[in-house]
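**Q**
As structure tokens, this is what we get:
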């Protein structure tokens with residue numbers, strides 16, 4: 579199973595460690611995206627568009 583994580587800050591590493599603890603068998607794909615910071619005010623459509631763009635890169 580592949581699990582992709584994307585974050586604009588240092589939380590990516592903590593999130594990856596937590597996922598790894600729960601699913602040591604998973605292939606993790608990590609993407610740091612500081613250019614999209616902050617994520618909070620973005621609409622769901624904005625987040626979806628950015629996630630798809632990063633996945634295609």
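Numbering (our numbering), first residue to last: 579 to 635. Every residue, glycine too, gets a C-beta built ideally from N, C-alpha and C.
1) Find out if the Cβ-Cβ distance for the pair residue 630, residue 607 is shorter than 9 Å.
2) Can you check whether the CB of residue 579 is closer than 9 Å to the CB of residue 601?
3) Among 610, 589, 595, 612, which has the Cα closest to the Cα of residue 604?
4) Closest to residue 633 by CA distance: which of 610, 615, 620 is it?
5) Hey, residue 612 and residue 587: beta-carbon distance below 9 Å or not?
**A** Well, looking at it:
1) Sequence index remark: in the chain shown, residue 630 carries index 52 (1-based). Sequence index remark: in the chain shown, residue 607 carries index 29 (1-based). No, Cβ-Cβ distance for residue 630 and residue 607 is not below 9 Å.
2) Within the chain shown, numbered from 1, the residue matching residue 601 stands at position 23. Within the chain shown, numbered from 1, the residue matching residue 579 stands at position 1. Result yes, Cβ atoms of residue 601 and residue 579 sit closer than 9 Å.
3) What you label residue 604 is simply residue 26 of the chain shown in a count that begins at 1. Looking at the Cα atoms, 595 is the closest of the given residues.
4) Locating residue 633 in the chain shown gives position 55, where the first residue counts as 1. Closest option to residue 633, Cα to Cα, is 610.
5) For the purposes of this step, residue 612 is taken as the residue at position 34 of the chain shown. For the purposes of this step, residue 587 is taken as the residue at position 9 of the chain shown. Cβ atoms of residue 612 and residue 587: closer than 9 Å.
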